[in-house]
Amino acid sequence: MLHWNYDMMGWGGGIGMIIFWIIVIVVIVLLVKRFTSQSSERIERKESPMEILKRRYASGEIEKEEYVEKKKDLES
C-alpha cells in the first residue's frame, strides 16, 4: 500500500511555510505602521491663528497693545 507523507506536502512544503510567515510579518508591520501614523497625526494638531496669538501673549512674546491690535484684526 502506498502512503503519502503529509508533513511536507501541504502548501508546497517548506517554501509554502516560508511564504506564509513572510506574509504574516508584512501584515503585522503594515498594521503597526498604520496605527502609529494615525496616533502621530492626532498629536500634530494645527493651532488656529487665535490660539497662536493667545500663546504668544501668555508666554510674553508680545505686549498687551500688540495682542489687542492683532486680536481685533483676527476677529474682523
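Position 14 (the sequence shown) corresponds to 14 in full-length UniProt numbering; numbering is contiguous.
Glycine is no exception: its CB is placed at the ideal position from the N, C-alpha and C atoms.
Next item on the list: Determine the DSSP secondary structure at K72, reduced to helix, strand or coil.
Entry: Taking the sequence shown and counting its residues from 1, one reaches residue 72 at position 72. K72: helix per DSSP, three-state reduction.
Margin query: Helix, strand or coil, according to DSSP, for K54 in the structure here?
Written below: Here residue 54 corresponds to residue number 54 of the sequence shown, with the count starting at 1. Three-state result, K54: helix.
Next item on the list: Express the C-alpha separation of S37 and E63 in angstroms, rounding to a whole number.
Entry: What you label residue 63 is simply residue 63 of the sequence shown in a count that begins at 1. What you label residue 37 is simply residue 37 of the sequence shown in a count that begins at 1. Pairing E63 with S37, the inter-Cα distance amounts to about 38 Å.
Notebook entry, point to check: So what does DSSP say about S48, is it helix, strand or coil?
Noted result: Mapped onto the sequence shown, residue 48 falls at position 48. DSSP places S48 in coil when its eight states are reduced to three.
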